[in-house]
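Under numbering that gives the first Met the number 0, the final residue of the sequence shown carries the number 153; numbering is consecutive throughout. Let me begin by presenting the structure, written as structure tokens, before commenting on it.
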Amino acid sequence: MATDRAVRIIAYLKLFMGVVLALSGIGLLRLLHEDAADVVMRWINAFHVDPDNRDIQNLLLRASVIDERQLKVLSIGSFFFAGLSLTEGSALLLQKRWAMYLSVAVMASFIPLELWELSQRFSGIKTAVVVLNAGIVWYLAFRIKYQGTTSLQR
Numbered sequence: 000m001a002t003d004r005a006v007r008i009i010a011y012l013k014l015f016m017g018v019v020l021a022l023s024g025i026g027l028l029r030l031l032h033e034d035a036a037d038v039v040m041r042w043i044n045a046f047h048v049d050p051d052n053r054d055i056q057n058l059l060l061r062a063s064v065i066d067e068r069q070l071k072v073l074s075i076g077s078f079f080f081a082g083l084s085l086t087e088g089s090a091l092l093l094q095k096r097w098a099m100y101l102s103v104a105v106m107a108s109f110i111p112l113e114l115w116e117l118s119q120r121f122s123g124i125k126t127a128v129v130v131l132n133a134g135i136v137w138y139l140a141f142r143i144k145y146q147g148t149t150s151l152q153r
């Protein structure tokens, strides 16, 4: 059975993203009974980052106002998207036909949000993420429509 190298790379990317999101969900749950600003300050000191940096000050400000309810919501969201990414990645690796459709639908649904976020505050990293996601959506849609998915299982 022929496999598509690009689909495998997308699958590994999805699996990596799922693991990172699951770990972030665990980290957010660990913050429930601690002061988030104190934890961020410990990390800043551990990595010898300049605490007077504008971005670090912004991060500390945001961490100081976060409450338990927000942490729970963020951790639930992280676990949900981790499960979704792990499902997409696993199914793409197993060459399931429906995985391409799911990946296109999920990734395409985030492009308007990413574009809005980019319009609010432009950065090179955000631009690269939008371009990468749009490229993946285009490739998978092209693969579904023109090349068929004969090598993929149902």
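Cβ coordinates follow ideal geometry from the N, Cα and C atoms, glycine included.
Using a threshold of 7 Å, state whether the C-beta atoms of ALA10 and LEU92 are closer than that. The residue you call residue 10 lines up with position 11 of the sequence shown. The residue you call residue 92 lines up with position 93 of the sequence shown. A contact, by the Cβ cut-off of 7 Å.
Need the endpoints of the alpha helix (DSSP H) that PRO50 sits in, please. In the sequence shown, counting from the first residue as 1, residue 50 sits at position 51. Per DSSP, PRO50 is not a residue of any alpha helix (DSSP H), being assigned neither H nor E.
Taking only beta-carbon positions, decide if ILE43 is within less than 7 Å of chain D. The chain inventory of the structure shown lacks chain D, comprising one protein chain alone.
Whose C-beta lies closer than 6 Å to the C-beta of LEU139 among residues of the same chain, with five residues either side of it excluded? In the sequence shown, counting from the first residue as 1, residue 139 sits at position 140. Closer than 6 Å at Cβ, skipping near neighbours: MET99, SER102 and VAL103.
Considering only their Cβ atoms, is the gap separating LEU14 from LEU70 smaller than 7 Å? As a first step, residue 70 is located in the sequence shown; it is residue number 71 there, counting from the start. As a first step, residue 14 is located in the sequence shown; it is residue number 15 there, counting from the start. Result no, Cβ atoms of LEU70 and LEU14 do not sit closer than 7 Å.
ASP3 classed as buried or exposed, judged by whether at least 16 other C-beta atoms fall within 10 angstroms: The residue you call residue 3 lines up with position 4 of the sequence shown. When all chains shown are included, ASP3 counts as buried.
Output yes or no for whether 7 Å exceeds the beta carbon distance between ALA62 and VAL39. For the purposes of this step, residue 62 is taken as residue 63 along the sequence shown, with counting starting at 1. For the purposes of this step, residue 39 is taken as residue 40 along the sequence shown, with counting starting at 1. Taking 7 Å as the Cβ cut-off, ALA62 and VAL39 qualify as a contacting pair.
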